[in-house]
Amino acid sequence: MPQYKAPLRDMRFLLNDVFDYTSHYASLSNGGEATPDMVEAILEGAATFCEEVLAPLNLSGDQEGCHFENGNVTTPKGFKEAYKEYVAGGWQGLSHEVKHGGQGLPMSLNLLKAEMMGTANWSFTMYPGLSLGCMNTIMQYGTEAQKDLYMPPLVSGEWTGTMCLTEPQCGTDLGQVKTKAEPVGDGSYKLTGTKIFISAGEHDLADNIIHIVLARLPDAPRGTRGISLFIVPKFLVNADGSVGERNPVVCGSIEHKMGIRASATAVLNFDGAVGYLIAEPNKGLEAMFTFMNTARIGTAVQGVAHAELSYQGSLPYAKERRSMRALSGKKDADHTADALIWHADVRRMLLTQKAVAEGGRAMIYHAAKLADNMVNGVLEGNKAKYEEFDDKLGFYTPILKGFLTEMGLESANLGMQVFGGHGYIKEHGMEQIARDARISTLYEGTTGIQALDLLGRKVLLTTKGKCVREFTGDMLGLAKPHLLSGGPIGKMARQLAKRAIQWNVLTTRIMLRAAKDRDLVSSASVDFLMYSGFVMMAHFWLLQAIKASETLASGKGKEPAEFYKAKIQTAEFYFERLLPRADGHKKSALAPTSAVMAMDAEHFTFQ
Ligand SMILES: Cc1cc2nc3c(=O)[nH]c(=O)nc-3n(C[C@H](O)[C@H](O)[C@H](O)COP(=O)(O)OP(=O)(O)OC[C@H]3O[C@@H](n4cnc5c(N)ncnc54)[C@H](O)[C@@H]3O)c2cc1C
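Residue numbering for the sequence shown follows this note's numbering, beginning at 13 and increasing consecutively.
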């Protein structure tokens, strides 16, 4: 099992050298407390908790899984104690309002913490992670009374929350939701129906679970316009905030899954369960999607987490395990064979994992700044600011979620590959990373759905390509001062500038073709998303390389020169070996739909 070590040096490089988080926090209305000392204390504290408490439970949690008996779920050995420690450390309320018991810090700090927790133990991280969606919904749409009642124990972590959308007949198409909510007459509702795949839907870590549930009122219009949102507590809550009677929302079973086996995925039966309307009737889906960008960026972090963990596992193995001689001649003359790391193809695998983990982390840190500004808009009651940053984040979100989780999965597979046959054997922990990573491209909107959101909604429908023009404008702005430079920075800057123009041309060509062929949006969407991901990551690799090169030249870096040189070398690897994949995606995205659509559904097989 890889021994998780939080990548604090890379995190500090991004926070301080690349993104200047100190100035960013100083510009936020809730950033005053986020001084460099405070940020450092959070990084160090979270790293210790993740390395010493969560990481040791990752393999055992996977081996043991969750237990289900008579509607109750028991988490694997050690999870309860770890969760207690998490709550006692005040980690859950890091970015929540002080009036509800939180620390009121910017939400980016929560994302940094989430990456460390998720890399150490993704299954564990899902229990407190799902509470965030629940808390965001209550904060945005709840009445003051609902906030006062539910927020303090959720913020402390004493209670956890869930998001209950999926039903047996629908996950993507929530217009098909059937769960019913009937008014009782006293302001409450009785909910009846079945939700499936509910993460943290039942467990033994907290005293109460607050479910946020999509359901239909009796007179609701059909489809997505007839869906409302409800708060349904596992135990009803008395007026004084104490836990009251058991509500009839019962766990029917938990899923037996390929990965994240220590995370309980519950079937929940609502049998006349008491619920309270939150947000306007029939506007539940809109409300549910309000903070969807931040939730999806939380899942994008999973791509970084699995790339990082697989890299941390495969790198020491590649230095230790020996096989044959390097093609360019003996490297470890004292041994009968050279270490794997001397073989170019093994280096390709290692550098791919490294480039995805560090490039993806940079993408997340940039998006986290936007998320901080968006939250500030809410806190300041500044709707225009909230919408401006939510729109910006809306462009990044499907790219980050879709591209980073796909690349995280590839990295997890490469981690196994470096181990050869031993990667397939459970005790090394590498196959667990691949199994755990597999879910990330499926939940919170599959890659296909992220791609449709990006190309169909954000690029074509809502902005007519403006979001691409804006981002490629930033790319040109970054590249321009270096276009005439020699060396690797100049070379990469010229490539990035070409890609900026190409991304716009690709968007326009798809836009023109889609007007004549509606299927093109769906058939081109995943290739367009992957193209966008490869090009966007190139931007963040050039940015890192420029900062590394400036720091090297200044001689004022906090790290040794080798750290900055390795950054520039990884950027070069990315531009030479990974970015060219964008060309294949571009070509496929522009292919006519006929080859995809012409075949009759009956002719897909002849058995
Ligand atoms: C471990 C786990 C945890 C989960 N946690 C939660 C949770 O906490 N809460 C919750 O509510 N749900 C949860 N889910 C459900 C998850 O979000 C859904 O499974 C997911 O959204 C996909 O829905 P589906 O499974 O119904 O697939 P479908 O919607 O049936 O999709 C099947 C395939 O068709 C594609 N597809 C569907 N529609 C289109 C279209 N219009 N155009 C092109 N392609 C399309 C999809 O991309 C996918 O490849 C979880 C699922 C799992 C497995």
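Where is the CB? At the ideal position from N, CA and C, for every residue including glycine.
As the structure is a prediction and not an experimental result, all values here were calculated from the model.
Does the Cβ of residue 235 lie closer than 7 Å to at least one heavy atom of ligand 1? no
Beta-carbon separation of residue 219 and residue 255 under 8 Å? yes
Return the first residue and the last residue of the beta strand (DSSP E) that residue 172 is part of. 172–176
With a Cβ-Cβ cutoff of 8 Å, do residue 506 and residue 495 count as a contact? yes
At a cut-off of 7 Å, is residue 622 close to ligand 1 when judged by its beta-carbon and the heavy atoms of the ligand? No information on residue 622 is available, as it lies outside the stretch 13 to 619 that the chain covers here.
Coil, strand or helix - residue 39 by DSSP: coil
C-beta atoms of residue 127 and residue 316 nearer than 8 Å: yes
I need the straight-line Cα distance from residue 116 to residue 253, nearest angstrom please. 22 Å
Mind checking whether residue 16 and residue 137 have CB atoms under 8 Å apart? no
Could you tell me which uninterrupted alpha helix (DSSP H) segments, each at least 4 residues in length, are contained entirely in the segment 381–436, listed from first to last along the chain? 395–430
Verify the contact flag: residue 210, CB atom, against every heavy atom of ligand 1, threshold strictly below 7 Å. yes
Assuming residue 291 and residue 153 form a contact by the criterion Cβ under 8 Å, report the distance between their Cβ atoms to the nearest whole angstrom. 4 Å
Would you call residue 364 buried or exposed, if buried means 16 or more other Cβ atoms sit within 10 Å of its Cβ? buried
The segment 333–347 contacting the segment 444–452, beta-carbon criterion three pairs below 8 Å: no
Would residue 330 and residue 88 be called neighbours here (beta carbons separated by less than 8 Å)? no
Taking 7 Å as the cut-off, is the beta-carbon of residue 142 closer than that to any non-hydrogen atom of ligand 1? yes
Segment contact flag, the segment 96–103 with the segment 17–30, C-beta cutoff 8 Å, min 3 pairs: no
Distance, Cα to Cα, residue 6 vs residue 164? No answer is possible for residue 6: the residues shown for the chain start at 13 and end at 619.
Is DSSP giving residue 101 helix, strand or coil here? coil
Near ligand 2: residue 175 beta-carbon under 7 Å from a heavy atom: For ligand 2, the structure offers nothing, since it holds only ligand 1.
Residue of 544, 615, 576 minimising C-alpha distance to residue 477: 544
Please report the distance separating the alpha-carbon of residue 80 from that of residue 265. 7 Å
Specify the secondary structure class of residue 598 as computed by DSSP and reduced to three states. helix
Taking its Cβ as the centre, do 16 or more other Cβ atoms sit within 10 Å of residue 566, making it buried, or is it exposed? exposed
Terminal residues of the continuous beta strand (DSSP E) containing residue 206? 201–211
How should residue 223 be labelled, buried or exposed, when 16 other C-beta atoms within 10 angstroms of its C-beta is the threshold for buried? buried
Residue 46 to residue 387 span [Cα, whole Å]: 15 Å
Taking residue 428 and residue 442 to be in contact with their CB atoms under 8 Å, please state how far apart those CB atoms are, rounded to whole angstroms. 5 Å
Whether or not the segment 530–537 and the segment 589–605 are in contact is what I'm after, with contact meaning three or more pairs of Cβ atoms, one per stretch, closer than 8 Å; do they touch? yes
What would DSSP say about residue 277, mapped onto helix, strand or coil? strand
Give the DSSP bridge partners of residue 588, in chain order. BP columns for residue 588 are empty, so no partner.
With a threshold of 8 Å, are at least 3 pairs of Cβ atoms found where one atom belongs to the segment 400–414 and the other to the segment 319–336? no
So the alpha helix (DSSP H) residue 562 belongs to, where does it begin and stop? 531–566
Buried or exposed for residue 184, going by 16 or more other Cβ atoms inside 10 Å? exposed
Using 8 Å as the threshold, is the C-beta distance between residue 167 and residue 113 below it? yes
Identify the continuous alpha helix (DSSP H) that holds residue 131 and give its terminal residues. 119–132
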